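Here the structure comes first, spelled out in structure tokens, and everything after it is commentary.
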């Protein structure tokens, strides 16, 4: 009479069955993808519902702060309206970043690669950040401005990446600091470097800065506002365009971002 098979033996045989292991792995992957789809749908829905009231808050607070329909009376009312407007703009930026993360994590397919002159893209980005650059008393120095190469990139995506990287550098630069921007061809790629003179971060913190909503523990991410979406957006966008983002830093030595894209 054959000896009974123990449960441990059955378990070992079950897990040793390659076909069963493959089916379980496939089922787990389907569940993960379904959860990811639901998460992205939820984020898009919430972001859409937030945008409508935010647009009203931003629009009416701007009207009040500029006293378009007459003086408000007490000067504090104008000041408060300005604070409301600024807060609304910050919230809208956050909502837009969340939508962008959800879009990129969903394997975005609307990337259109065309030759893009870096001089034009940087001019647009710096012009958009002009008020913040002036407010923080920072100088943005573009090496060989007017003679920069062109890259193969999505026009909107390129400007989004440069805006996030430059804004990050400006935000963490000391008053009177200089942000250096340069670009050069290396083989079949263009490397764009953006270096600031900020406090920097420990090198061990750098991988975390590429994870959405993750922030390092240094002054780079703790002394300023933000939820840690700018660099992850750049990372995802660069990969969608066949490029990559590389970061390097150390405490007290500033922060260097290297954006690598195909040459045009």
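In the numbering used here, the protein residues as written are -10 to 253.
Yeah, the Cβ is synthetic: ideal placement off N, Cα and C, and Gly gets one too.
It should be emphasised that the depicted structure is a prediction, and the values quoted were computed from it without experimental measurement.
Distance, residue j Cα to residue i Cα
i: residue 226; j: residue 122; result: 24 Å
i: residue 118; j: residue 75; result: 15 Å
i: residue 72; j: residue 237; result: 36 Å
i: residue 41; j: residue 115; result: 29 Å
i: residue 49; j: residue 251; result: 44 Å
i: residue 39; j: residue 176; result: 45 Å
i: residue 68; j: residue 60; result: 12 Å
i: residue 248; j: residue 125; result: 24 Å
i: residue 155; j: residue 9; result: 50 Å
i: residue 65; j: residue 120; result: 23 Å
i: residue 35; j: residue 70; result: 25 Å
i: residue 165; j: residue 244; result: 16 Å
i: residue 103; j: residue 141; result: 5 Å
i: residue 78; j: residue 56; result: 19 Å
i: residue 178; j: residue 232; result: 8 Å
i: residue 6; j: residue 31; result: 38 Å
i: residue 162; j: residue 63; result: 36 Å
i: residue 18; j: residue 54; result: 52 Å
i: residue 81; j: residue 58; result: 25 Å
i: residue 37; j: residue 92; result: 13 Å
i: residue 51; j: residue 160; result: 24 Å
i: residue 11; j: residue 174; result: 45 Å
i: residue 13; j: residue 20; result: 11 Å
Residue nearest to residue i in terms of C-alpha spacing, selected from the options
i: residue 138; options: 172, 66, 64; result: 172
i: residue 113; options: 63, 224, 151; result: 151
i: residue 128; options: 13, 181, 158; result: 158
i: residue 242; options: 66, 174, 187; result: 187
i: residue 136; options: 107, 161, 17; result: 107
i: residue 130; options: 183, 37, 85; result: 183
i: residue 246; options: 201, 180, 231; result: 180
i: residue 224; options: 162, 163, 149; result: 149
i: residue 185; options: 174, 167, 18, 196; result: 167
i: residue 201; options: 174, 160, 83; result: 83
i: residue 94; options: 12, 37, 28, 16; result: 28
Distance between beta carbons of residue j and residue i, contact taken as under 8 Å
i: residue 222; j: residue 153; result: 6 Å
i: residue 143; j: residue 100; result: 5 Å
i: residue 240; j: residue 170; result: The pair is not a contact, with the Cβ atoms about 23 Å apart (cut-off 8 Å).
i: residue 110; j: residue 147; result: 5 Å
i: residue 253; j: residue 105; result: 7 Å
i: residue 198; j: residue 234; result: So it is not a contact: roughly 10 Å between Cβ atoms.
i: residue 88; j: residue 145; result: Not really, about 14 Å apart at Cβ, beyond 8 Å.
i: residue 218; j: residue 86; result: 4 Å
Residues that DSSP places opposite residue i in a beta bridge
i: residue 104; result: 141
i: residue 246; result: 183, 236
i: residue 16; result: For residue 16, which the question treats as bridged, DSSP gives no partner whatsoever.
i: residue 172; result: 181
i: residue 128; result: 167
i: residue 251; result: 178
### Message
Tell me whether the stretch 12 to 31 and the stretch 45 to 65 touch, counting them as touching only if at least three CB pairs, one residue from each stretch, are closer than 8 Å.
### Response
Too few Cβ pairs lie closer than 8 Å, so no.
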